[in-house]
Amino acid sequence: MNNQKRVIHETACRTGLSVKVISKIISSQLGLLRRAIVSKAPVSVYIRNVGTFISPDVNYHLIGLQHCTRAQNKIKNANKIEDEDPLEFN
């Protein structure tokens, strides 16, 4: 599977859109696709820069996932701090 097909497939899986819709968007944004492949982070760069082409429902879903991830990270960090031994001062 070449890079363009891989990017299309990963983006379709991440956003929940069909591969056909994603390939239409990518064909109109070929320069962006090349830049994304070179930067080795194709899906995140693609979603960030072409977010206007994603339907509002998908954008809402992605924002919800970001909020869930941030909340989970805050809980993990709080648990790490609680697990640390307190400093003792004599």
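Adding 8 to a residue's 1-based position in the sequence shown gives its number in the numbering used here.
Think of the CB as a built atom: it goes at the ideal place given N, C-alpha and C, for glycine as much as any other residue.
Bear in mind that the values here come from a model prediction, so they are computed numbers and not experimental data.
For residue i, the three-state DSSP class (helix, strand or coil)
{"i": "G59", "result": "In this prediction, G59 scores a pLDDT of 49, lower than 50, which makes its location untrustworthy; no coordinate-derived value is stated."}
{"i": "L137", "result": "There is simply no residue 137 to check, as the chain begins at 9 and stops at 98 in what is shown."}
{"i": "S31", "result": "helix"}
{"i": "E92", "result": "coil"}
Residues of its chain near residue i, where Cβ-Cβ distance is below 8 Å and the 5 sequence neighbours each way are ignored
{"i": "N87", "result": "none"}
Neighbourhood of residue i by C-beta, 7 Å cutoff - its chain only, sequence neighbours within 5 removed
{"i": "A20", "result": "S26, V27, I30"}
{"i": "I166", "result": "Since the first residue of the chain shown is 9 and the last is 98, residue 166 is not available in this structure."}
Close-in-space but distant-in-sequence residues of the same chain around residue i (CB under 6 Å, 5 per side omitted)
{"i": "G59", "result": "Its pLDDT being 49, under 50, G59 is placed unreliably in this model, and the coordinates cannot settle the point."}
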